[in-house]
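What follows is one structure encoded as structure tokens, with my remarks underneath.
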Amino acid sequence: MDGERLDVFVAEQVEQLSRSVVKSLINEGKILVNQERQKPSYRVREGDDVNVEIPKPQVLDLQPRNIPLEIIYQDADLAVINKPKGLVVHPAHGNWDYTLVNALLYHIKDLSGINGQIRPGIVHRLDKDTSGVMVVAKNDTAHRSLAVQIKEHSIKREYIALVHGTIKENLGTIDAPIGRSKNDRKKMAVIADGRPAV
Numbered sequence: 025m026d027g028e029r030l031d032v033f034v035a036e037q038v039e040q041l042s043r044s045v046v047k048s049l050i051n052e053g054k055i056l057v058n059q060e061r062q063k064p065s066y067r068v069r070e071g072d073d074v075n076v077e078i079p080k081p082q083v084l085d086l087q088p089r090n091i092p093l094e095i096i097y098q099d100a101d102l103a104v105i106n107k108p109k110g111l112v113v114h115p116a117h118g119n120w121d122y123t124l125v126n127a128l129l130y131h132i133k134d135l136s137g138i139n140g141q142i143r144p145g146i147v148h149r150l151d152k153d154t155s156g157v158m159v160v161a162k163n164d165t166a167h168r169s170l171a172v173q174i175k176e177h178s179i180k181r182e183y184i185a186l187v188h189g190t191i192k193e194n195l196g197t198i199d200a201p202i203g204r205s206k207n208d209r210k211k212m213a214v215i216a217d218g219r220p221a222v
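Following this note's numbering, the numbering of the sequence shown begins with 25 at its first residue and continues without gaps.
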């Protein structure tokens, strides 16, 4: 705990709140440290008094939608789906009823409730314009287990990328840190202070 970021600390302690929700609550002044507002990057110290005002659950009327969904694998605990390009993962302002969540509510009846009504079963996400495989939790136990595996990087992920130019080798490895592009926040790029990526 000592030295851990405030947003990370609260998200670990209050399981029903995602880290993005925690950041919003910190910025709104609903999470205080020693009765004072702090930034999400504040480092929690031993003896700090962290007060969290948990918001009342939103009442939403998310509707199941018969949106085509390729389910690659499914068992009692999880489903693996192929998210198509152009489909938003969860509802947000401007798009409440044509999302992956709406499709999941139609095709898969039982989903984990840990991320609340707006993100049932969602353990991780892909950007709207990114296609790819996603794992969806069908119960809270599976959700917690998957979240830990993602956090600890024990799930192996492989990506296929399109590259321009002439490649000299038939096979190779790119080992470079990636993070949000400084030129386009919607894209990832190799940056010096990015997260390690191989």
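Glycine included, each C-beta is placed from N, C-alpha and C at the ideal position.
**OP:** Report yes if the CB atom of D31 is closer than 8 Å to the CB atom of P64, and no otherwise.
**Re:** A contact, by the Cβ cut-off of 8 Å.
**OP:** May I ask which residues mark the beginning and end of the alpha helix (DSSP H) holding N75?
**Re:** For N75, there is no enclosing alpha helix (DSSP H); the enclosing beta strand (DSSP E) covers residues V74 to V76.
Subject >> Close Cβ partners of N75 (< 6 Å) along its chain, the five nearest in sequence each way excluded >> reply: Contacts found: L56.
Original post:
For the candidate residues S178, D151, S136 and Q173, whose alpha-carbon lies nearest to that of V160?
Top reply: Nearest of S178, D151, S136 and Q173 to V160, Cα basis: S136.
Original post:
For R204, which of helix, strand or coil comes out of DSSP?
Top reply: Three-state DSSP puts R204 in a strand.
**OP:** Identify every run of the beta strand (DSSP E) within the segment 101-155, keeping only runs that are complete inside it and at least 3 residues long; order them along the chain.
**Re:** DSSP runs (the beta strand (DSSP E)) wholly in the segment 101-155: 102-107.
Subject >> Status (buried if at least 16 other CB within 10 Å, exposed otherwise) for I132 >> reply: When all chains shown are included, I132 counts as buried.
Subject >> contact_flag[the segment 95-114, the segment 158-174] where n(CB pairs < 8 Å) is 3 or more >> reply: Pairwise C-beta distances place the segment 95-114 in contact with the segment 158-174, as three or more of them are shorter than 8 Å.
Original post:
What residues in its chain sit with their C-beta under 6 Å from that of R143, if we drop five residues either side in the sequence?
Top reply: Taken in chain order, the residues that qualify are H114.
**OP:** Alpha carbon to alpha carbon, how far is R204 from K211? Give it in angstroms, no decimals.
**Re:** Pairing K211 with R204, the inter-Cα distance amounts to about 6 Å.
**OP:** Look at the Cβ atom of N194, then the Cβ atom of Y130, and state whether they are nearer than 8 Å.
**Re:** No.
Original post:
How long is the line joining the alpha carbons of P108 and G156, rounded to whole angstroms?
Top reply: One C-alpha to the other measures close to 7 Å.
**OP:** Would you give the residue range spanned by the alpha helix (DSSP H) that E36 belongs to?
**Re:** For E36, the uninterrupted alpha helix (DSSP H) run begins and ends at L30 to Q37, by DSSP.
**OP:** Given a cut-off of 8 Å, decide if D121 and N224 are closer than it, judged by their beta-carbon atoms.
**Re:** The question about residue 224 has no answer here: the residues shown for the chain are numbered 25 through 222.
**OP:** Pull up the distance between the alpha-carbon of Q87 and that of L150, whole angstroms please.
**Re:** Whole-angstrom Cα-Cα distance: 21 Å.
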